[in-house]
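Taking it in order: structure first as structure tokens, then the write-up.
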Amino acid sequence: MDIDLAPEDLEFRREVLSFLEEHLSADVRRASRLSTGVFVDPPWSKEWHQALFRKGWITHAWPREYGGCGWSPMQRYIYESEASLCGAPAVAPMGINLVGPVICEFGSPWQKEFYLPRIRSGEDYWCQGFSEPGAGSDLSSLKTKAVRDGDHYIVTGEKIWTTHAHFANMIFVLARTSPEERQQQGISFLLIDMKSPGVSVRPIITLGGDHEVNQVFFDDVRVPVENLVGEEGKGWNQAKYLLEFERGGGAPSVRSRVALERFKNVLRNEVGDSHGSRLIDEKDRQFRLGELEARVMALEALDMRLVAKRQTGERLGTSASLIKTLASELLQEIEKASVEALGPHALPDLAFDGPAFAVSNEAPVPEHGWAIVGRHLNGLAGTIFGGASEIQREVISKDLVK
Ligand SMILES: Cc1cc2nc3c(=O)[nH]c(=O)nc-3n(C[C@H](O)[C@H](O)[C@H](O)COP(=O)(O)OP(=O)(O)OC[C@H]3O[C@@H](n4cnc5c(N)ncnc54)[C@H](O)[C@@H]3O)c2cc1C
1 MDIDLAPEDL EFRREVLSFL EEHLSADVRR ASRLSTGVFV DPPWSKEWHQ
51 ALFRKGWITH AWPREYGGCG WSPMQRYIYE SEASLCGAPA VAPMGINLVG
101 PVICEFGSPW QKEFYLPRIR SGEDYWCQGF SEPGAGSDLS SLKTKAVRDG
151 DHYIVTGEKI WTTHAHFANM IFVLARTSPE ERQQQGISFL LIDMKSPGVS
201 VRPIITLGGD HEVNQVFFDD VRVPVENLVG EEGKGWNQAK YLLEFERGGG
251 APSVRSRVAL ERFKNVLRNE VGDSHGSRLI DEKDRQFRLG ELEARVMALE
301 ALDMRLVAKR QTGERLGTSA SLIKTLASEL LQEIEKASVE ALGPHALPDL
351 AFDGPAFAVS NEAPVPEHGW AIVGRHLNGL AGTIFGGASE IQREVISKDL
401 VK
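Just so we're aligned: 193 in full-length UniProt numbering is position 193 of the sequence shown, and the numbers increase by one with no gaps anywhere.
Next comes the structure, spelled out in structure tokens:
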């Protein structure tokens, strides 16, 4: 989107572009382009994390005192959008964008001193242990228990859909420390070392063939009391704080913009119905493209409104739900349109696309079709994780009628 930037923001944009030019390697860019998951797997994600860490930009959104850059919301938007448009992978957010801000806000001095530098440097790789079988949308019905035993909690239970638990050495967990009348009470927020005896991880392979999510089991796991974040029984406050970051962070419209460029690329390269034509020359495809382009532009405008809200220090509140819902649903429509445009070329994609990013030279899918089907299948989860669309609509409508 064309925005009239202030001179200092134009200067900032130039700095971002020159950093990307110099430090975003061809390998990382390729991994990002061929990855079908939301986040690129290590080692590529770690390489990018390290580049940002060395530059001092990895925790740019944190408060300055904990290693933030003091960027304005507009500068954050510029950085996020330019990085995505240049093909940089999304940095796995579980440490940087989720537990990091929670520790900054609610953590003890010891937790801040110990964990924040390790999140920044990438020494710790985190995963999020909130959802359980039977406790997803209705998260507060979670059953994982943490029972106090001297200087420890004994944690028992199971988490599901835990993204990247197979890479993580740390997990943040919501566990019930006391049975209360109101479900949201009696929940505590714990930081757990994945190497603790009694923690085990079982992979879940998703529709697109990716191993991104897992089940995590806790079998009498001893967790030091010093790893409780905030007050015992008040973990729901931290969970709500964190979910606002999960839904409203970054520049959500940019993923749709990037996906739209991929769709255009498919239309430019796929052969149309009449001799010598391409799909992009066909009227119905042009209408579809125009419609999706208009929706991406509307989303970009909404992104700008959120930037303006942040500039005035306003919390996002329901707007975070609004943009999460619109962005995830639009992204799915664009990915689906790309698969439809690929036609028969879409089918064999499944056979060779995978987490190892191995693309055979004999691949029957032309380059413009690589990873398109995988992204479509993987992207179906986008309207579920971080709060399902139906639940978001309920949140939005409650706010509208109050
Ligand atoms: C790819 C992926 C990655 C994930 N990563 C993580 C992670 O790292 N950590 C983590 O903790 N969780 C993670 N999740 C879990 C995610 O947050 C939950 O899947 C989500 O909250 C929905 O919960 P559920 O799967 O139990 O579905 P349910 O809550 O059972 O919902 C099933 C369907 O019913 C609808 N529904 C439920 N309640 C209502 C209602 N009251 N009114 C109307 N409709 C309703 C939902 O919208 C949904 O369509 C991930 C999920 C996916 C798919």
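Beta carbons are placed, not taken as given, at the ideal position from N, Cα and C, and that holds for glycine.
Every value quoted in this text rests on a predicted model; they were computed, and no experiment measured them.
Here ARG278 is exposed: its Cβ has fewer than 16 other Cβ atoms, across all protein chains shown, within 10 Å. In this structure, DSSP gives SER178 a state outside helix and strand, which the three-state scheme calls coil. Restricting attention to alpha helix (DSSP H) runs no shorter than 4 residues, the stretch 28-67 encloses them at 44-55, ordered along the chain.
Contact between THR318 and ARG393 is ruled out by a C-beta separation of about 11 Å, above the 8 Å threshold. A distance below 6 Å between beta-carbons, with the five flanking residues on each side excluded, links SER328 to the following residues of its chain, in chain order: GLY382 and THR383. Per DSSP, reduced to three states, the secondary structure at LEU5 is coil, with no helix or strand assignment. Shortest gap from the CB of GLY100 to any heavy atom of ligand 1: 8 Å or more.
In the three-state scheme derived from DSSP, where H, G and I count as helix and E and B as strand, THR325 is classed as helix. Between PHE189 and GLN238, the beta carbon gap of about 4 Å places them in contact (Cβ cut-off 8 Å). In the structure shown, SER256 adopts helical secondary structure according to DSSP, grouped into three states. If you draw a straight line from the Cα of GLY290 to the Cα of ASP284, it comes to about 10 Å. Close CB contacts of GLU340 within its chain, under the 6 Å cut and outside five residues either way in sequence, are absent. Three or more pairs of CB atoms, one per stretch, sit closer than 8 Å, so the stretch 22-34 contacts the stretch 42-55. Judged by the Cβ position, ALA388 qualifies as a neighbour of ligand 1 at the 8 Å threshold, a heavy atom of the ligand being closer than this. DSSP lists no beta-bridge partner residue for TYR77. By the CB criterion at 9 Å, GLY70 and ARG64 fall inside the cutoff. For PRO93, the number of other beta carbons within 10 angstroms of its own is at least 16, and it is reported as buried. Of the residues GLY37, SER321 and LYS195, the one whose Cα lies closest to the Cα of VAL373 is GLY37. Cβ neighbours of TRP44 within its own chain (closer than 6 Å, five residues either side excluded): VAL28 and ALA31. In this structure the stretch 160-178 lies against the stretch 108-128, because at least three pairs of beta carbons, one per stretch, are closer than 8 Å. Uninterrupted alpha helix (DSSP H) stretches at least 4 residues long and entirely within the stretch 88-172 occur at 100-106 and 109-121, given in chain order. GLY134 has its CB nearer than 8 Å to a heavy atom of ligand 1.
Under the three-state reduction of DSSP output, GLU231 falls in the coil class, being neither helix nor strand. One alpha carbon belongs to PHE167, the other to ARG305, and they sit about 36 Å apart. In this structure, VAL91 and LEU34 do not form a Cβ contact; the two beta carbons are roughly 18 Å apart against a cut-off of 8 Å. Distance from VAL201 to VAL216 at the Cβ level is roughly 5 Å; contact confirmed, criterion being Cβ atoms closer than 8 Å.
Counting only unbroken stretches of 3 or more residues, the beta strand (DSSP E) elements lying wholly within the stretch 189-233 are 199-205 and 211-224, in sequence order. If you draw a straight line from the Cα of ARG257 to the Cα of GLN311, it comes to about 23 Å. A direct Cα-to-Cα measurement between ASP138 and ASN378 gives close to 23 Å.
Taking the Cα positions, THR162 is about 19 Å away from GLU244. For ALA294, the uninterrupted alpha helix (DSSP H) segment begins and ends at 283-311.
Residue pairing by DSSP puts ILE187 in a beta bridge opposite ARG176 and LYS234. Of the residues GLU300, GLY87 and TYR115, the one whose Cα lies closest to the Cα of VAL229 is TYR115. A residue is called buried when at least 16 other Cβ atoms come within 10 angstroms of its Cβ; PRO101 meets this threshold and is buried.
Of the candidates GLY235, ALA301 and SER274, the residue whose Cα lies closest to the Cα of PHE130 is GLY235.
Residue burial annotation: PRO252 is buried, with at least 16 other C-beta atoms found within 10 angstroms of its C-beta.
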